[in-house]
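*Asks:* Numbering (full-length UniProt numbering), first residue to last: 1 to 472. For every residue, glycine included, the Cβ atom is placed at its ideal position computed from N, Cα and C. Could you have a look at this structure, given as structure tokens, before my questions?
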């Protein structure tokens with residue numbers, strides 16, 4: 001079914017080799033439902049998964065991904081104890097985001113008013129250097145006042161992080177507030193929660209009611225997998241080429257000894273998927289694609305690759321023919337929202353991205369300024385830099401290899417995870433609208449491809465414009 005959709009079905013086509021064929025639109029794109037399953041029994045509202053890479057997914061990014069309705073997979077290029085602690089930290093984080101918006105007691109009223117305007121809020125807390133909350137300044141008070149903010153402060157309404165979302169919303173409505181400062185057990189300010197953040201959408205939650213998070217593991221580190229399975233919602237096997245006798249045997253044993261589902265990968269062929277499905281008793285999901293990542297040099301170094309679009313169709317047919325219902329994560333090469341929808345049309349349930357989320361504020365790298373531009377550091381897990389940490393050497397079988405299969409460099413900074421997710425959600429909904437699909441399952445059925453030439457692609461992309469013109 002899915003392989004037959006691709007023009008030249010025996011050719012390893014990539015996302016840029018094809019375009020989606022427009023179909024009859026049945027409703028507005030904003031009504032497209034993007035909810036899916038990242039693994040068996042694990043729903044997510046947004047079909048985006050951040051890659052388990054050490055310059056992509058650590059605590060802050062995983063928390064942000066879950067709050068936006070997607071999910072992050074913590075990388076394994078660290079000690080087992082550190083990875084467990086990071087997963088636990090995600091689980092212990094509030095389900096809503098905290099904004100660190102505050103003004104000092106001695107600040108002028110005009111400064112507080114400017115901050116409220118910039119944040120689109122009607123009030124902000126007045127907080128001293130030691131974290132003590134002096135009060136709240138309201139927009140209505142600030143507009144007609146002058147002098148210091150402390151002189152026009154109102155009595156603060158605060159809440160502890162343990163207070164549930166519904167209780168906080170009720171408190172906001174009773175007090176007529178759009179923001180409430182959160183305090184720790186000693187009464188110190190730890191951030192503010194806004195009405196918008198509490199009501200804008202549903203975060204991804206595990207069965208325990210806490211933020212959803214996955215954890216990457218080596219197929220050969222059963223003890224780490226056991227420890228992680230007590231805290232993570234699912235595990236992701238993290239090897240570049242999983243259609244390997246040793247890998248399959250190890251995972252077949254692992255799934256019987258851990259407490260959560262295991263996503264197997266990476267696989268790139270019909271046969272590779274069949275091997276996994278028939279040899280491993282229970283697969284929670286399949287991670288698909290070999291050598292398509294922007295920082296992966298496997299295809300160049302070894303000449304072997306399974307481009308993600310082609311690989312997704314291969315694996316989706318294997319799952320379909322098996323009669324099983326196994327979620328497929330298309331991993332690698334997703335540059336734009338349209339690429340994600342192409343992956344859905346080829347049988348994917350969700351997409352995994354590294355580069356896109358490496359560009360986020362919440363990724364581990366600091367923001368790097370080069371002239372007037374901002375960047376983030378990004379590297380492949382087979383790169384020389386990642387190899388030096390040594391914990392993920394077996395991802396590429398590198399204990400037996402002396403060649404790097406990844407590169408490292410800078411990528412443009414793109415803002416917060418929320419900014420990036422919103423961009424992809426809007427773009428995916430628009431693309432789904434073009435093919436007439438109102439959900440991902442309909443994309444499997446209605447999505448069709450047409451081969452595009454290099455000249456055709458140059459016409460599809462923006463062209464014939466001067467975009468860097470200097471004035472007189």
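(1) Are the beta-carbon atoms belonging to residue 206 and residue 233 less than 8 Å from one another?
(2) Can you tell me whether residue 378 is helix, strand or coil according to DSSP?
(3) Can you name the start and end residues of the alpha helix (DSSP H) that residue 73 belongs to?
(4) Starting from the Cα of residue 443, find the closest Cα among 13, 4, 14 and 32 and give me that residue.
(5) In the DSSP assignment, find the unbroken alpha helix (DSSP H) run with residue 337 in it and report its ends.
(6) What do you get for residue 196, buried or exposed, if any count of 16 or more other CB atoms within 10 angstroms of its CB means buried?
(7) Kindly indicate the opening and closing residues of the alpha helix (DSSP H) around residue 88.
(8) If you reduce the DSSP assignment to three classes, tell me which class residue 466 lands in.
(9) Nearest to residue 420 by alpha carbon, out of 376, 360, 438 and 332?
(10) Tell me whether the beta-carbon of residue 15 lies closer than 8 Å to the beta-carbon of residue 339.
(11) Using the Cα positions of residue 126 and residue 169, report the straight-line distance between them to the nearest angstrom.
(12) Give the DSSP-derived three-state secondary structure of residue 400 in the structure shown.
(13) Using only the alpha-carbon positions, how far apart do residue 211 and residue 254 sit?
(14) Whole angstroms is fine: what's the gap from residue 231's alpha carbon to residue 214's?
(15) Assign residue 314 to one of three DSSP states: helix, strand, or coil.
(16) Determine the contact status of residue 449 and residue 102, defining contact as a CB-CB distance below 8 Å.
(17) Taking a contact to mean a Cβ-Cβ separation below 8 Å, would you say residue 217 touches residue 225 in this structure?
(18) Enumerate in chain order the residues of its own chain whose CB-to-CB distance from residue 99 is below 7 Å, with the five nearest sequence positions on each side excluded.
(19) Classify residue 486: buried if its beta carbon has 16 or more other beta carbons within 10 angstroms, exposed otherwise.
(20) Please list the terminal residues of the continuous beta strand (DSSP E) segment that includes residue 121.
(21) Measure the beta-carbon distance from residue 158 to residue 124 and round it to whole angstroms, keeping in mind my assumption that it falls under 8 Å.
*Replies:* Working from what's here:
(1) yes
(2) In this structure, residue 378 counts as strand in the three-state DSSP scheme.
(3) For residue 73, no alpha helix (DSSP H) segment is defined; the enclosing uninterrupted segment is the beta strand (DSSP E) at 71-74.
(4) For residue 443, the nearest C-alpha among the options comes from 32.
(5) 337-345
(6) Residue 196 is exposed by the Cβ-count criterion.
(7) 80-91
(8) Coil at residue 466, not helix or strand.
(9) Residue 360 is the option with its Cα nearest to residue 420.
(10) yes
(11) 21 Å
(12) Legend: pLDDT at residue 400 = 48, less than 50; position of this residue unreliable, value from coordinates given subsequently. DSSP places residue 400 in helix when its eight states are reduced to three.
(13) Taking the straight line joining both Cα atoms gives about 24 Å.
(14) 9 Å
(15) helix
(16) no
(17) yes
(18) Closer than 7 Å at the Cβ level, and outside the excluded window around residue 99, lie 191, 192 and 194.
(19) Shown here, the chain extends from 1 to 472; a query on residue 486 therefore has no answer.
(20) Element bounds for residue 121: n/a, residue is neither H nor E.
(21) About 13 Å separates the two Cβ atoms, so there is no contact after all.
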